[in-house]
Amino acid sequence: MAVKVIWTQTAWKDLDAVAEYIAKDSRYYSVLFVQQAREASRSLAYFARRGRVVPELGDRNMRELLVMNYRMVYRVAKKEVSIIALIHGSRDLLALWRREKRPI
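Mapping of the sequence shown onto our numbering: residues -6 to 97, in sequence order.
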């Protein structure tokens, strides 16, 4: 059974910012990144728990998929999956979220 996949406003902003950053060097890879991110999020409708648990959080419902060098962080609920953020894999997730006052 498919669940609804929702992108939070913050995640959309992250996607836009990453795409703009990548486009500075390569429009091709920017478009490819957006396509892969969208495809990965669509796959969660049928396989919501396919990503690994976010190690820093330890919450079984907070998971992530890797899209190129970025972590797509999402929350699994009964009838929906919420894409929370797209963050470069080298960034300290908790420090970034504290600094930006993002809910964890």
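Cβ atoms here follow ideal geometry from the backbone N, Cα and C, with glycine treated the same way.
Please read all numbers here as calculations on a predicted model, not as lab measurements.
DSSP places glutamate 73 inside the beta strand (DSSP E), whose first and last residues are 73 to 81. Residue ranges of uninterrupted alpha helix (DSSP H) with 4 or more members, entirely inside the region 8 to 85 and ordered along the chain, are 20 to 36.
Ranking Val66, Ala10, Arg31, Lys6 by CA distance to the CA of arginine 45 puts Val66 first. The count of Cβ pairs closer than 8 Å, one atom from the region 7 to 15 and one from the region 68 to 84, reaches three, so the stretches are in contact. Looking at the DSSP output, lysine -3 sits in a beta bridge with Glu73.
Proximity to arginine 68 across Asn62, Gly51, Phe40, Met55 peaks at Met55, based on C-alpha coordinates.
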